[in-house]
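2 protein chains.
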Amino acid sequence: MEDEPATEILHATYRALCEHGYANLTVQDIAAEADRSTASIHYHYDDKDQLFVAFLDYLYDRYTERLADAGGDSPRERLDALFEVSCRADPDGQQQAFRTAMLEVMAQAPYDDAIRERLAEFDTLLFERFQEILEAGIETGAFDERVDPAAAAEFLTATITGAHTREIATGTPSDRLYATVTQYTERHLLAEGPTGGAD
Amino acid sequence: MEDEPATEILHATYRALCEHGYANLTVQDIAAEADRSTASIHYHYDDKDQLFVAFLDYLYDRYTERLADAGGDSPRERLDALFEVSCRADPDGQQQAFRTAMLEVMAQAPYDDAIRERLAEFDTLLFERFQEILEAGIETGAFDERVDPAAAAEFLTATITGAHTREIATGTPSDRLYATVTQYTERHLLAEGPTGGAD
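Residue numbers (the working numbering), protein chains in the order written: chain G, 575 to 773; chain V, 575 to 773.
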């Protein structure tokens, strides 16, 4: 019970962020979204910076769950599910607004070590997830044994990050990449035979 | 002679942007960097927005030249040179500061159509350059004929964009990607035999 109000405030932060963007976000906006006074926000969080770092930690937990729940049984299915979650899914219809705000947060990161550290954690999580699935797929023979899991995971993490940046900054739809990334998997990651290891 | 002062102002804008970032950039900063009065800036550009769009157009011209001058004779060498230019080169030692500022500009793009249109042009330029080199390489037999130039170019453009975003937002060095992208080329783009088209 103790931390219920804090969680409500973090939910309200998500909605306020989608509505106002990061640069213009104020504690007043979050209070309005939470239907609370700013004093009651400050009871839980000293200032906007502290609240926002708590918000990023909350997002990180949600992101961890989302990646863990992405689904798929075989490594190939798990890889597809991970692409689906990271390139396409828009579970609450607010994805575009959220990613717009997150790009502002990324642009702020060089000026704010606490934000930068959190963003690096998100990045590492996606990287490790790719790497782990690739290792599993090489182990089962589904993926080509010549694939270097760390290098391919690095590549895919950069690609997914770039797809989001392009979507927001240039209007290039990120689901266009979904087809490309699927083609990459089929052409380059899958083993040639049904049990793999083709050379 | 007519547009010399305007060009000087654009050079000063580059330096001021690297020094102050985009969010905090003022016409005063640019004037100070150009060793001019703000009035003389306003003689050429109505306001900061108009100046900044002119600056992006100037950057686009420079970027066009830089990609054209990237070098390399064969398609493989041209591809490597393009990776080198887009992942690694730091010709004036200001790359990090410049990319930091450009990420701020990207984060601003959803709120500013003129900026967004310009960023889309940069994106298209890199995409087309990749596509053209890949097509040329398939034509000569250096690259595997199964490579889809548009899909691979889309992929690489997203990857390079993501490498820059990650470098600024999370501190992941983009030159780490250079090795990965080179490995991708060797593993996935090059034809298997010396004259290519292996299947």
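Ideal Cβ positions, reconstructed from N, Cα and C, are used throughout, including at glycine. Every value quoted in this text rests on a predicted model; they were computed, and no experiment measured them.
Judged by beta-carbon spacing, PRO684 of chain V lies within the 7 Å limit of THR674 of chain G, meaning their Cβ atoms are closer than that value. DSSP, read as helix, strand or coil, puts LEU699 of chain G in helix.
With fewer than 16 neighbouring CB atoms inside 10 Å of its own CB, TYR617 of chain G falls in the exposed class. The alpha-carbon separation between SER614 of chain G and TYR758 of chain V amounts to approximately 53 Å. Sorting V:ALA671, V:SER660, V:GLY745, V:PHE626 by C-alpha distance to the C-alpha of THR731 of chain V places V:SER660 at the top. Residue pairing of LEU653 of chain V in beta bridges, as defined by DSSP: absent, with no partner found. Identification of chain G residues near GLN757 of chain V by a Cβ-Cβ cut-off of 8 Å yields ASP722, ALA725, ordered along the chain.
Pairwise C-beta distances place the region 719-737 of chain V in contact with the region 722-736 of chain G, as three or more of them are shorter than 8 Å.
Listed along chain V are THR674, ILE742, each with a C-beta nearer than 7 Å to that of PRO684 of chain G. Look at GLU728 of chain V: its C-beta is under 7 Å from a C-beta on chain G. If you look at ALA727 of chain G, you'll find it in the alpha helix (DSSP H) that goes 723-744. In the DSSP secondary-structure assignment, LEU764 of chain V is bridged to V:PHE717. Leaving aside the five residues that flank THR714 of chain G on each side, the residues in its chain whose CB is nearer than 7 Å to its CB run, in chain order, PRO649.
Near chain V, meaning a CB-to-CB distance below 7 Å, the residues of the region 676-708 of chain G are LEU677, GLU678, MET680, ALA681, ALA683, PRO684, ARG690, LEU693, ALA694, ASP697. Neighbours of HIS762 of chain V in chain G, taken as residues at a C-beta separation under 9 Å, are given in chain order as TYR758, ARG761, HIS762.
Looking only at V:ALA737, V:THR581, V:THR600, the smallest Cα-Cα distance to MET680 of chain G is reached by V:ALA737.
The beta carbons of LEU584 of chain V and LEU591 of chain V sit no closer together than 7 Å. Counting along the chain, TYR685 of chain G sits inside no alpha helix (DSSP H), nor does DSSP assign it H or E at all. Under the three-state reduction of DSSP output, TYR752 of chain V falls in the helix class. The Cβ-Cβ distance between ALA586 of chain G and ALA608 of chain G falls below 7 Å. In this structure, the CA atom of GLU578 of chain G is about 23 Å from the CA atom of ARG692 of chain G. If you ignore the 5 residues before and after ALA671 of chain V, its C-beta comes within less than 6 Å of the C-beta of CYS592, all in its own chain and listed in chain order.
Taking 7 Å as the CB threshold, GLY736 of chain V lines the interface with chain G. Residue range 601-608 is occupied by the alpha helix (DSSP H) that includes ASP603 of chain G.
In chain order, ARG703 place their CB closer than 6 Å to the CB of LEU641 of chain G, counting only its own chain and leaving out the 5 sequence neighbours on each side. Of V:LEU699, V:VAL755, V:ALA726, V:GLN705, the smallest CA-CA separation from TYR637 of chain V is found for V:LEU699. Annotation for PRO579 of chain V: the continuous alpha helix (DSSP H) segment containing it runs 578-594. In terms of Cα proximity to LEU763 of chain V, the closest of V:LEU653, V:ASP647, V:TYR752, V:GLU741 is V:LEU653.
Residue contact check for LEU656 of chain G against chain V: no CB pair falls below 7 Å.
Around the C-beta of ASP687 of chain V, fewer than 16 other C-beta atoms lie within 10 Å, and the residue is accordingly described as exposed.
Taken through DSSP and simplified to helix, strand or coil, ASP623 of chain G comes out as helix. The beta carbon of LEU591 of chain G sits no closer than 7 Å to any beta carbon of chain V. Interface criterion not met: the Cβ of LEU599 of chain G is under 7 Å from no Cβ in chain V. For a Cβ distance threshold of 8 Å, residue set ARG690, ALA694 of chain G lies close to GLY745 of chain V, ordered along the chain. Non-local C-beta neighbours of LYS622 of chain V in its own chain, meaning closer than 6 Å and more than five positions away in sequence, comprise VAL601, ordered along the chain.
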